[in-house]
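Numbering (the UniProt record's numbering), first residue to last: 1 to 190.
The beta-carbon is built from N, C-alpha and C at its ideal position, and this holds for glycine as well.
Quick caveat, the model's predicted, so the values are computed rather than measured.
Worksheet: one structure, shown below.
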Amino acid sequence: MKKLANDLRKVLGNAVLLITFRTKKEGGNQELSDTNYFKLYSYVVANELSDLIDVELFHDKTGISKLLQLAHAKGIFVIMSSHDFKKTPAKSEIITRLHLMAANGADIAKIAVMPQNVADVLNLLEATYIAHKMLEIPLITMSMGDIGKISRISGQIFGSAVTFGAVGQISALGQISLANLKQDIQDLEI
């Protein structure tokens, strides 16, 4: 892993490197025990292999606390995330999760949800707007799938600081190609 990270740094130059291990329960391909999850990230942080790490909210709280302390001591920023590939939680639950991420010491709070209808997308966007007004850290929020595409384009209007576009193959439901995303965001700028 150290060699891969060093090779990536050479290719990326000054670009920021984010390392993410997405567990199966949050949409990844493999399950990992909390013990091994924290061992993996502790190795990444201790060896300063990235500029940011993405830590899932729903893991052992003590492990999260220790990992965030280590990351911050090494100058590594932490995105704390929650992904729901089945549904969109209630607006109050989305806001609660974003608050919990901030309270846990995240530098950036991220939530991605699966809408079942347009109302779910509106709930996510309204929750983003409310949380953005209350929290002092940047937020990344999105609704996935075709219905949720509008949240990827318009998120900045509601307080989402970042969106994701595809360069080449699309890697997430509802993701938009980078070229189209750039144009869509420019068209929506207020």
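Taking 7 Å as the cut-off, the Cβ atoms of LYS87 and ASN123 do not count as close.
Assigned with DSSP and collapsed to three states, LEU135 falls in coil, not helix or strand. For GLY105 and LEU8, the gap between their C-alpha atoms comes out near 27 Å. DSSP, read as helix, strand or coil, puts GLY165 in strand. By a beta-carbon distance limit of 8 Å, LEU125 contacts SER151. Their separation comes to about 6 Å.
In this structure GLY165 does not touch LEU188 by the C-beta definition: roughly 14 Å separates them, more than the 8 Å allowed.
LEU178 is the residue among LEU67, LEU178, GLY75, GLY148 whose C-alpha sits nearest the C-alpha of GLN169. When only Cα atoms are considered, LYS110 and ILE95 end up about 11 Å apart. Looking from the CA of GLU56, the closest CA among ALA73, GLY28, GLY75, HIS72 belongs to GLY28.
Following the DSSP letters along the chain, one finds HIS83 inside the beta strand (DSSP E) bounded by residues 77 to 84.
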